[in-house]
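Engineer:
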Amino acid sequence: MRYDWESFNIMSYDWRSPFRCHVCKEFCGDNFYRCVQCDFSVHLCCVPIPSSIKHRYHRHPLTHMDKIKEDDSGEYYCDVCENERNPMNHVYCCEECTFTAHADCVLNEDKISSEKDVSSSVPQSIYSNTLLVDEMEHNEVIDAIHTPRQLLNKFIFHEHSMRFYEVTEKLKENQYCEACRMVISGPYYMCETCTDDTIKFQNPNPWYYLHEKCATLPLEIQFPFHSSHRLGLYNSHFPNIICDECREVCFGFFYSCNECDFKLDVKCAALTAHKTGVSQLKEMEKVVELHHFTHPHKLVLVNFIDPSWTANCLVCGARSFGLVYVCPNSNCTYQAHKSCLELPQKIQVPFHLEHMLTFFRPEKLYDCYACHLWMHRFIYSCEQCDLKLHPSCANSLRRPLNCVSHVHNLYYFGTNFQLHFGTYSERPFCRVCEKDCTGAFIRCLECAINFHLDCVPIPRIVHSKRHVHHLSMKDSFLEDDSGEFYCDICEKKRCPNDHVYYCEECNGLFAVHVECVLTKQVEDYTTVLMQSQ
């Protein structure tokens, strides 16, 4: 016997019922399917449920299973409707990844939006896009021919008609959707008028791409955690719109409440109830507003992740990417990395112990004592002496290295130091091999010479009194995806792109600065294996 599943509003139940199975006429028992409109009930074993099925919300085949627990968290969710599920009930799951869904969500897709409409009193229009983010991120790339299929006319935020295309691998690498600002990873619309050579000449940003999903975003939604007012869809033309959920700066489309100035980018608006409620920054206990001595106005924390943003930090000069404090005043261009504003106002370096160095912005150019390059941003300066340093140079001079190959103190300069040489034709070179120091290097201030780490006898493996196991050197190390990494000796932040000593036996749970292990101040290590020459 075969059933047309689309003709039934099928729901699964996991409680003992008085209903009889339509096929075998026995009581349904604990687990069964039922259509409430036509009083139709059936055992799971009496209905031809496909053992494997292809679903439009997932790229891999889904396999039917009696029950599944992904982990020991005690909370399990359906990846289609995103509501909590009973781990003892039948599901469809992916054997290649962690995708798991209610069996009835997979077999009856039309039911999903109406269920959410009843349970959360949110219009169906928003839930038709609740899987927007996951689908864009995981959509299988179709390596197809650029074949047009249909036109999109009179789009609210664009003056020209746009043509439909399937995605190609080449396009996926470097083009972004104007709405969600994510990489084009699925079917999309493109404006052919904007790509015309005459239009390109007039428009500095001529490429206009739009995901198929983003082209059908509802013009008005009601967000579960802002239910008092409806939110309208807008297009961000200037980088001064901040999402109140994730704190990212909106460069694409966003939803806004005109009555209370509440704003959401389209990615956050697509998230369902169990994924929202507490923003990422609140979970990480970030201070979203700050009064800092480097600026007279209140600063606001934002998250710059859009690839089109090219402004630089006023403290270090690097690109303002990631967590950045900005001045909300429209006529003020102040912006600085969160990490740069966490620098102390006063520090002390080991070769200048008689005075403290103060952090400030000079009114003229100065020569850095460490690297001998000009400084035109914030610096550390001794008020009594003529000693002035880049903040990154001052940080590199905290501890001299214990290295017997040179008569003077040597200091480790990390990969971030390369920023200072971006506008100079000559880069620092190694005194031993005479090649450019394009990454991290060691420097002698007295001789003003540099060395690659591979060109001096730096131990590859050491045993430190601070840890029970041997420590191995790595060029870079990320122990997790938190975005913040600390040295387990000095407990200060470390750059994940710099060299590090870490413990292989502890799976990297112990990771420290090179200079904290090879410090000349305390002889707390023994060499196990020297650096290869």
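Here the sequence shown stands for residues 1 to 533, numbered as in full-length UniProt numbering.
Glycine is no exception: its CB is placed at the ideal position from the N, C-alpha and C atoms.
Since the structure is predicted, the reported quantities are computational estimates derived from the model, not experimental observations.
Is it right to say Glu75 is buried, meaning 16 or more other beta carbons lie within 10 angstroms of its own, or is it exposed?
Structural biologist: The sequence position of residue 75 within the sequence shown is 75, counting from 1. It counts as exposed.
Engineer: Go to Leu62, then tell me how far its alpha helix (DSSP H) extends in each direction, as first and last residue.
Structural biologist: Residue 62 sits at position 62 when you count from the first residue of the sequence shown. Leu62 -> not in any alpha helix (DSSP H); beta strand (DSSP E) instead, spanning Leu62 to Met65.
Engineer: Cβ of Thr358 within 9 Å of Cβ of Tyr380?
Structural biologist: As a first step, residue 358 must be located in the sequence shown, where it is residue number 358. As a first step, residue 380 must be located in the sequence shown, where it is residue number 380. Taking 9 Å as the Cβ cut-off, Thr358 and Tyr380 qualify as a contacting pair.
Engineer: Flag this pair as yes or no: are the beta carbons of Cys91 and His64 separated by less than 9 Å?
Structural biologist: Stepping through the sequence shown from its first residue, residue 91 is reached at position 91. Stepping through the sequence shown from its first residue, residue 64 is reached at position 64. Note that residue 91 corresponds to Val in the displayed sequence, not to Cys. Against a cut-off of 9 Å, the Cβ pair of His64 and Val91 comes out as a contact.
Engineer: Quick one: what does DSSP say Leu353 is sitting in, helix, strand or coil?
Structural biologist: Reading the sequence shown from its first residue, position 353 is the one you call residue 353. It is coil, neither helix nor strand.
Engineer: Report yes if the C-beta distance between Leu401 and Asn395 is below 9 Å; otherwise report no.
Structural biologist: Start at 1 with the first residue of the sequence shown, and residue 401 comes out as number 401. Start at 1 with the first residue of the sequence shown, and residue 395 comes out as number 395. In this structure, Asn395 does not lie closer than 9 Å to Leu401 by Cβ.
Engineer: Considering only heavy atoms of the ligand FAD, does any lie closer than 8 Å to the CB of Lys154?
Structural biologist: For the structure depicted, the ligand FAD is absent and the ligand set is empty, with no information on it obtainable.
Engineer: Quick check: the Cα distance between Pro350 and Glu479, rounded to an integer number of angstroms?
Structural biologist: Here residue 350 is taken as the residue at index 350 of the sequence shown, counted from 1. Here residue 479 is taken as the residue at index 479 of the sequence shown, counted from 1. Going by the C-alpha atoms only, they are around 30 Å apart.
Engineer: Using DSSP's beta-bridge definition, name the partner residues of Leu264.
Structural biologist: Start at 1 with the first residue of the sequence shown, and residue 264 comes out as number 264. Leu264 is bridged to Tyr255.
Engineer: Suppose you measure from the CA of Cys246 to the CA of His337; what does that come to, to the nearest Å?
Structural biologist: Here residue 246 corresponds to residue number 246 of the sequence shown, with the count starting at 1. Here residue 337 corresponds to residue number 337 of the sequence shown, with the count starting at 1. Using only the alpha carbons, I get a separation of about 17 Å.
Engineer: Just to confirm, are Cys495 and Val512 a CB contact at a threshold of 9 Å?
Structural biologist: Sequence index remark: in the sequence shown, residue 495 carries index 495 (1-based). Sequence index remark: in the sequence shown, residue 512 carries index 512 (1-based). No. Outside cutoff.
Engineer: Helix, strand or coil for Asn416, going by three-state DSSP, please let me know.
Structural biologist: Working through the sequence shown from its first residue, we reach residue 416 at position 416. Reduced to three states, the DSSP call for Asn416 is helix.
Engineer: Consult DSSP for Val106 and reduce its assignment to one of helix, strand or coil.
Structural biologist: Taking the sequence shown and counting its residues from 1, one reaches residue 106 at position 106. Here Val106 sits in helix by DSSP.
Engineer: Take residue 567 as the anchor and find which of Ser405, Asp261, Phe413 and Val404 has the nearest alpha-carbon.
Structural biologist: A query on residue 567 cannot be resolved here, the shown segment of the chain reaching from 1 to 533 and no further.
Engineer: Return the residue from the list Cys368, Ile458, Trp207 and Lys263 that minimises the CA-CA distance to Arg230.
Structural biologist: In the sequence shown, counting from the first residue as 1, residue 230 sits at position 230. Minimum Cα distance to Arg230 is reached at Lys263.
Engineer: Could you please give me the residues that DSSP links to Arg59 through a beta bridge?
Structural biologist: Position 59 of the sequence shown, counted from the start, is the residue given in the question as residue 59. Looking at the DSSP assignment, Arg59 forms no beta bridge with any residue, so it has no partner.
Engineer: Residues in the same chain with beta-carbon distance under 6 Å from Cys78, minus the five sequence neighbours each way, listed in chain order, please.
Structural biologist: If you number the sequence shown from 1, residue 78 lands on position 78. Counting only Cβ-Cβ distances below 6 Å, and skipping sequence neighbours, we find Arg85, Ala101, His102 and Cys105.
Engineer: Which partner residues of residue 535 appear in the DSSP bridge assignment?
Structural biologist: With the chain covering 1 to 533 only, the question about residue 535 has no answer from this structure.
Engineer: Whose C-beta lies closer than 7 Å to the C-beta of Asn329 among residues of the same chain, with five residues either side of it excluded?
Structural biologist: The residue given as residue 329 occupies position 329 in the sequence shown. So the list reads His297, once near-sequence residues are dropped.
Engineer: Indicate the three-state DSSP secondary structure (helix, strand or coil) for Thr358 in the structure shown.
Structural biologist: To locate residue 358, count along the sequence shown from 1; it is residue 358. Strand.
Engineer: When the Cα atoms are used, what is the spatial distance from Glu212 to Gln150?
Structural biologist: Indexing the sequence shown from 1 puts residue 212 at position 212. Indexing the sequence shown from 1 puts residue 150 at position 150. For Glu212 and Gln150, the distance between alpha carbons rounds to 11 Å.
Engineer: Can you round the beta-carbon distance between Gly232 and Arg181 to whole angstroms, since I take them to be within the 8 Å contact cut?
Structural biologist: Within the sequence shown, the letter at position 232 stands for residue 232. Within the sequence shown, the letter at position 181 stands for residue 181. Not quite, the Cβ-Cβ distance comes to about 19 Å (not below 8 Å), so this is no contact.
Engineer: Are at least three pairs of beta-carbons, each pair with one atom in the stretch 365 to 373 and one in the stretch 302 to 309, less than 8 Å apart?
Structural biologist: At 8 Å Cβ cutoff, the stretches do not touch.
Engineer: Going by beta carbon distance, what residues of the same chain come within less than 7 Å of Asn312, once the five residues before and after it are set aside?
Structural biologist: The residue labelled residue 312 in the question sits at position 312 within the sequence shown. So the qualifying residues of the chain are Ala318, Arg319 and Ser320.
Engineer: Smallest Cα separation from Ile221: which of Leu314, Glu505 and Phe254?
Structural biologist: Residue mapping note: residue 221 aligns to position 221 of the sequence shown, counting from 1. Of the candidates Leu314, Glu505 and Phe254, the one whose C-alpha sits nearest the C-alpha of Ile221 is Phe254.
Engineer: Once the 5 residues before and after His158 are set aside, which same chain residues still bring their CB inside 7 Å of it?
Structural biologist: As a position in the sequence shown, residue 158 is number 158, starting the count at 1. Excluding residues within five positions, the ones whose Cβ falls inside 7 Å are Cys191 and Tyr208.
Engineer: Would you mind stating whether Met473 and Val456 have Cβ atoms separated by less than 9 Å?
Structural biologist: Stepping through the sequence shown from its first residue, residue 473 is reached at position 473. Stepping through the sequence shown from its first residue, residue 456 is reached at position 456. Going by C-beta atoms, Met473 is not nearer than 9 Å to Val456.
Engineer: When you compare the CB positions of Ser236 and Cys214, do they come within less than 9 Å of one another, or not?
Structural biologist: For the purposes of this step, residue 236 is taken as the residue at position 236 of the sequence shown. For the purposes of this step, residue 214 is taken as the residue at position 214 of the sequence shown. Not in contact: Ser236 and Cys214 (Cβ atoms no closer than 9 Å).
Engineer: Just to confirm, are Asn174 and Ser161 a CB contact at a threshold of 9 Å?
Structural biologist: Within the sequence shown, the letter at position 174 stands for residue 174. Within the sequence shown, the letter at position 161 stands for residue 161. No, Cβ-Cβ distance for Asn174 and Ser161 is not below 9 Å.
Engineer: In the DSSP assignment, what residue or residues form a beta bridge with Glu289?
Structural biologist: Here residue 289 refers to the residue found at position 289 of the sequence shown. DSSP output for Glu289 lists Val300 as bridge partner(s).
Engineer: By DSSP, does Glu159 sit in helix, in strand, or in coil?
Structural biologist: Numbered from its first residue, the sequence shown carries residue 159 at position 159. DSSP places Glu159 in coil when its eight states are reduced to three.
Engineer: What residue range is occupied by the uninterrupted beta strand (DSSP E) comprising Asn450?
Structural biologist: As a first step, residue 450 must be located in the sequence shown, where it is residue number 450. Looking at the DSSP string, the run of the beta strand (DSSP E) that includes Asn450 is Ile449 to Phe451.
Engineer: Between which two residues does the alpha helix (DSSP H) carrying Cys516 extend?
Structural biologist: On the sequence shown, position 516 is the one that residue 516 refers to. Its alpha helix (DSSP H) spans residues Val514 to Val517.
Engineer: Over what stretch of residues does the alpha helix (DSSP H) that includes Lys54 continue unbroken?
Structural biologist: As a working mapping, residue 54 is identified with position 54 in the sequence shown. Run containing Lys54: none; DSSP gives neither H nor E here.
Engineer: Should Arg34 be labelled buried (16 or more other beta-carbon atoms within 10 Å of its own) or exposed?
Structural biologist: As a first step, residue 34 is located in the sequence shown; it is residue number 34 there, counting from the start. Buried, since its Cβ has 16 or more Cβ neighbours within 10 Å.
Engineer: Which residues in the same chain as Ala179 place their Cβ atom closer than 7 Å to its Cβ, once the five residues preceding and following it in sequence are excluded?
Structural biologist: Here residue 179 refers to the residue found at position 179 when the sequence shown is read from its first residue. Excluding positions up to five away in sequence, the list reads Leu210, His211, Cys214, Leu217, Gly252, Phe253 and Val266.
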